[in-house]
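The opening position of the sequence shown corresponds to residue 696 in the numbering used here, with each subsequent residue numbered one higher. Note that beta-carbon positions come from the ideal geometry of N, C-alpha and C, so glycine has one too. What you are looking at is a predicted structure, and each value in this text was computed from that prediction instead of being measured. Worksheet: one structure, shown below.
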Amino acid sequence: MITVHHLEDSRSQRILWLLEELGLEYEIKRYERDPKTMRAPSALKKVHQLGKSPLIEEDAVVLAESGAIMEHLVARHGRFGAPEDPILARHYHFYMHYAEGSLMPPLFGMLIVKKLGLLGMPARKPVRGMLAEHFGFLDRELASRKWFAGPDLTAADMMMSFPLEASQARAGLDDRYPNIIAWLKRCHDRPAYRRGLERGGEYAYAG
Numbered sequence: 696m697i698t699v700h701h702l703e704d705s706r707s708q709r710i711l712w713l714l715e716e717l718g719l720e721y722e723i724k725r726y727e728r729d730p731k732t733m734r735a736p737s738a739l740k741k742v743h744q745l746g747k748s749p750l751i752e753e754d755a756v757v758l759a760e761s762g763a764i765m766e767h768l769v770a771r772h773g774r775f776g777a778p779e780d781p782i783l784a785r786h787y788h789f790y791m792h793y794a795e796g797s798l799m800p801p802l803f804g805m806l807i808v809k810k811l812g813l814l815g816m817p818a819r820k821p822v823r824g825m826l827a828e829h830f831g832f833l834d835r836e837l838a839s840r841k842w843f844a845g846p847d848l849t850a851a852d853m854m855m856s857f858p859l860e861a862s863q864a865r866a867g868l869d870d871r872y873p874n875i876i877a878w879l880k881r882c883h884d885r886p887a888y889r890r891g892l893e894r895g896g897e898y899a900y901a902g
């Protein structure tokens, strides 16, 4: 049995989505953020010393990091991994890493800048500019593909879901980028995505 250590409003929601798509049995241990700092509770450090979510336990092994967890699950179960076509496979590997390596840093920066109030005002314009570059790039990419790695859903889409959901909720992703918005709707319309939401509980970025 897989155990998911699931933090509210976090990257772990996309792990639940993948598990539902794979049709795997799993249990959830829920954690709530500190209402003042919005950080994960110290209880997660008893599972993994970094105290971050998502974490899964399987066969007495704890796995951390969304991308690593997804790569483990798709390799073990043979679904939602890289397409056979080499060009589409390059897209898959790119987006598996781009989600956290390139898109999340400016998004996180925007969230911090907003929390700073007036002190953060000078940084808002440049950070918005960085995010707009990313949104424009992604919208053009999705103009020719239904999913990020081609005609079929893959784990790359699940990796991309969290930063783009958070961007829609808090960082200016809107109807100026119709292909991204349509992609988000396709994600949210999937039965497995909806089941993951039901299992995971309240999620601030759900469509």
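With 16 or more other CB atoms across the displayed protein chains lying within 10 angstroms of its CB, Asp852 is buried. The distance from the Cβ of Cys882 to that of Ser862 is about 13 Å, inconsistent with a contact at the 8 Å cut-off.
A Cβ-Cβ distance of about 5 Å is found for the pair Phe830 and Tyr872, placing them in contact under the 8 Å criterion. Taking each of Gly867, Ala770 and Gly891 in turn and checking the Cα distance to Val822, the smallest one comes out for Gly867.
Beyond the five residues adjoining it in sequence on each side, His772 comes within less than 6 Å, by CB distance, of Leu717 in the same chain, given in chain order. Per DSSP, the beta bridge partners of Thr698 are Glu722 and Glu752. Counted as a single uninterrupted DSSP element, the alpha helix (DSSP H) harbouring Asp834 occupies residues Met816 to Glu836. A distance of 8 Å or more separates the beta carbons of Gly845 and His767. Under the 10 Å beta carbon count, Val756 is surrounded by fewer than 16 other beta carbons and is classified as exposed. For Asp852, the uninterrupted alpha helix (DSSP H) segment begins and ends at Ala850 to Arg865. Take the alpha-carbon of Glu722 and the one of Pro817: they are about 45 Å apart. A distance below 8 Å separates the beta carbons of His701 and Gly895. Judged by beta-carbon spacing, Met799 lies within the 8 Å limit of Pro858, meaning their Cβ atoms are closer than that value. Ser705 counts as buried, since at least 16 other C-beta atoms from the protein chains shown sit within 10 angstroms of its C-beta. Sequence-distant partners of Ser707 (beyond 5 residues in either direction) whose C-beta falls short of 6 Å from its own C-beta, in its chain, are His701, Ser748 and Pro749.
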